[in-house]
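Participant: To start, I am sharing the structure in question, which I have written as structure tokens.
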Amino acid sequence: MQTRNTFSWIKEQITRSISASLMIYIITRTSISNAYPIFAQQGYENPREATGRIVCANCHLANKPVDIEVPQAVLPDTVFEAVVRIPYDTQLKQVLANGKKGGLNVGAKDIHFLKYPIYVGGNRGRGQIYPDGSKSNNTVYNATASGIVSKILRKEKGGYEITIADASDGRQVVDIIPPGPELLVSEGESIKLDQPLTSNPNVGGFGQGDAEIVLQDPLRVQGLLFFFAAVILAQIFWFLKRNSSRKFNCPK
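To convert a position in the sequence shown, counted from 1, into this note's numbering, add 3.
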């Protein structure tokens, strides 16, 4: 009976040890951060390049400010707050993928918080370029050739087909404009290479920032305070000793 109780006690202790070890592993293990858009996850394994540039900037070409506030130093076992500000006009409308107008999709993507640096990127609206390099309908479309706009065909589902005839050799180039951007040219108009054919519908942008947090050792802070206190006390005692010696040496 006693042997059976001893075996049960050993089994219980082993089970507790395994459970505690597993719990510590789950709590302390570092997980990979995937808090960045699915488009970027498909094209980039790491959301932050070696140069410090966040990969969202490869598709969101417009520049907009973003701000992050964190405490400069924190103590262990303390809770702190990181404030991310992404200013934008809530009344602005952007061009959606279907060519209609809609609200801005705004998001802050905290990329890494593994050690002490914090990198933050803030998107406003849709990007101008997809990860495969193709343009979205949220950007300017330029003429791919110079010449005369001979024909503008409006598609049933939205968008345009612009035919440009080169006056020198008669070659015709067709530029496809997706639904969304507003057309700036008309038939019979003479245009140059890379001249904008549409307006710029983009009202969003991307910004990034970074900050650092210093994990302070309480003993170092206490040691610094003790050093300051010792210096102040030494100055006070030296001042009192000097005054007392002056009074003692002063002739009556």
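Virtual Cβ for every residue (Gly too), placed ideally from N, Cα, C.
The model shown is predicted, which means the values in this text are computed figures rather than measured ones.
Decide yes or no for the touch test of the region 171–180 against the region 232–243: beta carbon pairs closer than 8 Å, at least 3 of them.
Facilitator: Under the Cβ criterion (8 Å, minimum of three pairs), the region 171–180 does not count as touching the region 232–243.
Participant: With C-beta atoms as the reference, is E159 less than 8 Å away from I179?
Facilitator: no
Participant: Name the DSSP beta bridge partners of D220, please?
Facilitator: Note: D220 sits in no beta bridge, so no partner.
Participant: Just the C-alpha distance for P68 and V123, rounded to the nearest angstrom, thanks.
Facilitator: 12 Å
Participant: Would you mind working out which of Q211, S139, L95, S193 sits nearest T54, comparing C-alpha positions?
Facilitator: Q211
Participant: At what residues does the beta strand (DSSP E) containing A214 begin and finish?
Facilitator: 208–215
Participant: Taking the alpha-carbon of C62 as reference, which of T81, R88, N126 has the nearest alpha-carbon?
Facilitator: If we check each option's Cα against that of C62, N126 comes out closest.
Participant: Can you tell which of N205, P181, P182, I167 has its C-alpha closest to the C-alpha of E192?
Facilitator: Looking at the Cα atoms, I167 is the closest of the given residues.
Participant: May I have the straight-line CA-CA distance separating A65 from I194, to the nearest angstrom?
Facilitator: 26 Å
Participant: Let me make sure I understand the geometry here. Which of L187, R129, E52, P50 has the alpha-carbon closest to that of L95?
Facilitator: R129
Participant: Roughly how many angstroms separate the alpha carbons of A85 and T93, rounded to a whole number?
Facilitator: 23 Å
Participant: Compute the Euclidean distance between the alpha carbons of S24 and D80, then round it to the nearest angstrom.
Facilitator: Note that S24 has pLDDT 45, beneath the 50 cutoff, so the model's placement of it is unreliable and the number below is only indicative. Each residue's alpha carbon lies about 21 Å from the other.
Participant: Report buried or exposed for L107, applying the criterion of at least 16 other Cβ atoms within 10 angstroms of its Cβ.
Facilitator: buried
Participant: So, for R157: in the same chain, excluding its five sequence neighbours on each side, which residues have a beta-carbon less than 7 Å away from its beta-carbon?
Facilitator: Y163
Participant: Compute the beta-carbon to beta-carbon distance between P182 and S202, rounded to the nearest angstrom, for a pair I have assumed lies under 8 Å.
Facilitator: Actually they are not in contact, since the Cβ atoms of P182 and S202 sit about 13 Å apart, beyond 8 Å.
Participant: Give a yes or no on whether the C-beta atoms belonging to N141 and Q198 are separated by under 8 Å.
Facilitator: no
Participant: Contact defined as beta carbons within less than 8 Å: I believe I132 pairs with V109. What is the distance between those atoms, to the nearest angstrom?
Facilitator: Contact between I132 and V109 fails: their C-beta atoms lie close to 19 Å from each other, not under 8 Å.
Participant: I need the straight-line Cα distance from A214 to V177, nearest angstrom please.
Facilitator: Near 48 Å, if we compare the C-alpha coordinates of V177 and A214.
Participant: Could you check if P50 is buried or exposed, using at least 16 other CB atoms within 10 Å of its CB as the buried criterion?
Facilitator: buried
Participant: Tell me the residue span of the beta strand (DSSP E) that contains A168.
Facilitator: It spans 163–168 - the beta strand (DSSP E) in which A168 sits, taken as one unbroken run.
Participant: Exposed or buried, what is I30 when buried is set at 16 or more other beta-carbons lying within 10 Å of its beta-carbon?
Facilitator: Caution is warranted here: a pLDDT of 40 is assigned to I30, below 50, making its placement in the model unreliable, and no coordinate value can be reported.
Participant: From A60 to Q175, what does the alpha carbon distance come to, in whole angstroms?
Facilitator: 35 Å
Participant: Measuring alpha carbon to alpha carbon, tell me which of R223, N101, W241 ends up nearest A76.
Facilitator: Of the candidates R223, N101, W241, the one whose C-alpha sits nearest the C-alpha of A76 is R223.
Participant: Should F231 be flagged as near chain C, meaning a C-beta pair shorter than 8 Å?
Facilitator: Looking for chain C here will not work: only one protein chain is present.
Participant: Would you mind reading off the limits of the beta strand (DSSP E) that contains E72?
Facilitator: 70–72
Participant: Distance, Cα to Cα, A232 vs E72?
Facilitator: 32 Å
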